[in-house]
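>
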Amino acid sequence: MLYHVLHIKTAFAEEWQKDLFDQQICELGVDTIDPGLESVQVSHADYYIQSEIWERVQAEIEALCASTEGTTLIGVEACEDKNWNETWEAEHPIEELPLGIRIVPHCAFGAGHHETTSMMIEALMKAFSIQSSAFGQVLDHGTGTGVLAIFAKRLGATHVLAIDIDEKSVVNAQENAALNGEEIEVRLGDRIPEDAGTFDLILANIHRNILLANMASYAAHLKQGGQVWLSGFYETDCEALIEAAKAQGLAPIATHANHEWRMIQLQKTSNR
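Take the sequence shown: its letters are residues 39 to 310, numbered as in the working numbering.
If you want it as structure tokens, here you go:
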């Protein structure tokens, strides 16, 4: 598989600004970040992206770098052809998580330790400990490594559907489910399939713009009284997300914080 590497210098005042930039560039197709030389505020990092994806999104990534204050795209070059999955796995051993869950991450995020993922995991463990059959049918939108889907199944969900827009993530989620001996259904796609049915719980740990674009779909595929948990955004995003949720009959029941990141739990109270 052919890759390009983007050499990017960043200088942000706050750590969350770097997190946001990395999240945005990964949504455009970057799947591995080598932090390289870092200091308190300045980073010279290498961002790896499949060459065929780079050809499609080059203009968007260049625009992102140009429009993000404190970010400079220093250069881009083609990498030698080699098995990047093997290289990543050799440099990033299996992540050991609670409940004996193990995750092999094929991408920069999703191993279970990021603030947004850890909030979701903690909420899942709390909900299922209170009532083991709290959520039978679970959907994980933007599953990545499959970590949240695997936790839901391990905790007692009867059926879990995991969806991701990236083919590599779909394969990674399937591999991690097999590694943990959990059966989850994984599909490729950017939206919830029309034939997916309805769910007791929908998990969505994605960028705020994707959450806003899918809010109506979350409500449509949620059972009455079911819940949708959103994460992957900041305090400044909460108001817009809550207003969009209320417009779809989803009422906020709790908000959680982990450093700069936020998580919102909502419940379906009416059909719209």
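Positions of the beta carbon are idealized from the N, C-alpha and C atoms, including for glycine.
Quick check on the DSSP output: the alpha helix (DSSP H) that includes T110 runs from which residue to which?
Position 72 of the sequence shown, counted from the start, is the residue given in the question as residue 110. No alpha helix (DSSP H) contains T110, which is instead part of the beta strand (DSSP E) from 109–116.
> Can you tell me the Cα-Cα spacing of G194 and Q169, whole angstroms?
In the sequence shown, residue 194 corresponds to position 156, counting from 1. In the sequence shown, residue 169 corresponds to position 131, counting from 1. Rounded to the nearest angstrom, the two C-alpha atoms are 10 Å apart.
> For S255, list the residues DSSP reports as bridge partners.
Counting from 1 along the sequence shown, the entry for residue 255 is found at position 217. For S255, which the question treats as bridged, DSSP gives no partner whatsoever.
> Hey, would you say V344 sits closer than 9 Å to K191, going by beta carbons?
In the structure as shown, the chain begins at 39 and stops at 310. Residue 344 is therefore absent and cannot be evaluated.
> Distance check for H294 and Q303, CA to CA, integer angstroms please.
Counting from 1 along the sequence shown, the entry for residue 303 is found at position 265. Counting from 1 along the sequence shown, the entry for residue 294 is found at position 256. Answer to the nearest angstrom: the Cα atoms are 8 Å apart.
> Does the structure place the region 280–298 close enough to the region 174–182 that three or more beta carbon pairs sit under 8 Å?
The region 174–182, when compared against the region 280–298, does not touch it at the 8 Å Cβ threshold.
> Output the distance between the C-alpha atoms of A200 and F166, rounded to the nearest integer angstrom.
For the purposes of this step, residue 200 is taken as residue 162 along the sequence shown, with counting starting at 1. For the purposes of this step, residue 166 is taken as residue 128 along the sequence shown, with counting starting at 1. Straight-line Cα distance between these residues: approximately 19 Å.
> With a threshold of 16 other CB atoms inside 10 Å of the CB of I139, please say whether the residue is buried or exposed.
In the sequence shown, the residue the question calls residue 139 occupies position 101. By the neighbour-count rule (16 or more Cβ atoms within 10 Å), I139 is buried.
> Output the residue ranges of the beta strand (DSSP E) runs that lie fully inside the region 141–179 and measure 3 residues or longer, sorted by chain position.
Within the region 141–179, the complete beta strand (DSSP E) runs of at least 3 residues are 175–179.
> Quick check on R300: buried or exposed, where buried means 16 or more other Cβ atoms within 10 Å of its Cβ?
Stepping through the sequence shown from its first residue, residue 300 is reached at position 262. Flag for R300 reads buried.
> Would you kindly work out how many angstroms separate the C-alpha atoms of N214 and D202, rounded to a whole number?
Position 176 of the sequence shown holds residue 214. Position 164 of the sequence shown holds residue 202. Answer to the nearest angstrom: the Cα atoms are 14 Å apart.
> Identify every residue that forms a DSSP beta bridge with D202.
The count along the sequence shown starts at 1 and reaches residue 202 at position 164. Looking at the DSSP assignment, D202 forms a beta bridge with L226.
> Does the Cβ-Cβ distance between E220 and I240 come in under 9 Å?
As a working mapping, residue 220 is identified with position 182 in the sequence shown. As a working mapping, residue 240 is identified with position 202 in the sequence shown. Cβ atoms of E220 and I240: not closer than 9 Å.
> Checking the sheet assignment: what are the DSSP bridge partners for H42?
One-based indexing of the sequence shown puts residue 42 at position 4. According to DSSP, which records beta bridges pairwise, H42 is partnered with I87, A116.
> So the candidates are I132, L137, S308; which of them puts its Cα closest to the Cα of H143?
Looking up residue 143 in the sequence shown gives position 105. Per the sequence shown, the amino acid found at residue 143 is Pro instead of His. Nearest C-alpha to P143: I132.
> Select from Y272, A211, A289 the residue whose C-alpha is nearest the C-alpha of E52.
Translated into the one-based positions of the sequence shown, residue 52 becomes position 14. Considering only alpha carbons, the answer is Y272.
> Expressed to the nearest angstrom, what Euclidean distance is found between the alpha-carbon atoms of S308 and W54?
To locate residue 308, count along the sequence shown from 1; it is residue 270. To locate residue 54, count along the sequence shown from 1; it is residue 16. Going by the C-alpha atoms only, they are around 35 Å apart.
> Write down the C-beta distance between G113 and T48 rounded to the nearest angstrom, noting that I regard them as a contact closer than 8 Å.
Counting from 1 along the sequence shown, the entry for residue 113 is found at position 75. Counting from 1 along the sequence shown, the entry for residue 48 is found at position 10. At roughly 14 Å, the Cβ-Cβ gap does not stay under 8 Å, so G113 and T48 are not in contact.
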